[in-house]
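This report concerns only the one structure given below.
Residue numbers (UniProt numbering): 1 to 263.
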């Protein structure tokens with residue numbers, strides 16, 4: 001969902017209140033239960049696309065506007081990630097800017113839906129016509145926490161020697177300890193999916209690698225979010241409560257103040 005926030009703020013140039021309202025309108029349409037029924041998954045994807053269509057139109061943006069498009073400002077470079085069904089281990093980057101090589105330039109609606117289309121809740125987002133049709137899903141291995149991928153991207157665009165003012169990594173709350181379920185066959189697939197979506201491994205590696213680097217800031221609610229699943233967007237009250245408590249911690253406030261001074 002933070003990838004969507006980056007797109008709304010950085011590319012569509014919304015203010016914070018507009019972006020928050022748009023995020024909530026989209027997030028609260030995400031079903032709160034997983035499903036193995038293909039008809040239900042297709043219906044969820046259609047519902048998601050309709051909601052995103054409405055949100056984009058309310059911004060005064062045509063539905064055919066692409067990620068890289070002359071009709072939108074290109075002052076802020078934004079990249080979001082998904083994966084092709086044909087190769088889930090290789091992240092696909094949707095950019096708002098040109099880069100040498102092959103670029104996948106979807107419409108903004110297609111890109112948003114693709115990055116949100118977690119397989120346990122949505123059918124893949126179908127883009128294009130046969131025989132070159134592509135199917136995309138979100139929650140991709142190695143890019144659900146895309147910080148490492150974005151650092152590589154920044155190095156390629158701006159040069160490896162360019163000084164980075166700030167790297168801000170936002171988590172969705174520390175997860176509980178994973179365990180395999182022996183009671184239901186789908187338990188293994190559910191846990192494997194959660195492991196794929198788990199961002200903490202990447203965050204831990206980067207925290208060790210960038211230890212002592214003031215430009216790197218990781219914010220992640222450390223208490224209260226353990227039992228909140230990724231499908232529980234229909235009850236945002238507890239999320240706001242735990243996030244507020246975390247952000248009011250004096251240590252976290254000091255980190256944020258130091259970060260603001262760098263920008």
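We put the CB at the ideal spot given by N, CA and C, even for glycine.
Shown here for residue 76: same chain residues with a beta carbon closer than 7 Å to its own, the five before and five after excluded, namely 10 and 11 in chain order.
Rounded to the nearest whole angstrom, the C-alpha separation of residue 155 and residue 37 is 42 Å. In its chain, beyond the 5 residues on either side, 148 have a beta carbon closer than 8 Å to the beta carbon of residue 205.
With respect to the C-alpha of residue 255, the residue from 167, 139, 202 and 95 having the closest C-alpha is 167. 8 Å or more divides the Cβ of residue 137 from the Cβ of residue 215. If you draw a straight line from the Cα of residue 130 to the Cα of residue 106, it is about 16 Å long. Bounds of any alpha helix (DSSP H) do not take in residue 1, whose DSSP letter is neither H nor E. About 6 Å separates the beta carbons of residue 108 and residue 56, which is inside the 8 Å limit, making them a contact pair. A Cβ-Cβ distance of about 28 Å is found for the pair residue 104 and residue 34, leaving them out of contact under the 8 Å criterion. A residue is called buried when at least 16 other Cβ atoms come within 10 angstroms of its Cβ; residue 71 does not meet this threshold and is exposed. The closest CA to that of residue 228, considering only 161, 219, 128 and 241, is found on 241. Residues of the same chain with a CB within less than 7 Å of the CB of residue 73, apart from the 5 flanking positions on each side, are 13 in chain order. It is roughly 20 Å from the alpha-carbon of residue 80 to the alpha-carbon of residue 62.
Per DSSP, residue 44 lies in no beta strand (DSSP E); the unbroken alpha helix (DSSP H) holding it starts and ends at 38-58. Only buried fits residue 8, as 16 or more other CB atoms lie within 10 angstroms of its CB. Selection 202, 86, 1 and 78 evaluated against residue 124 yields 86 as nearest (Cα-Cα).
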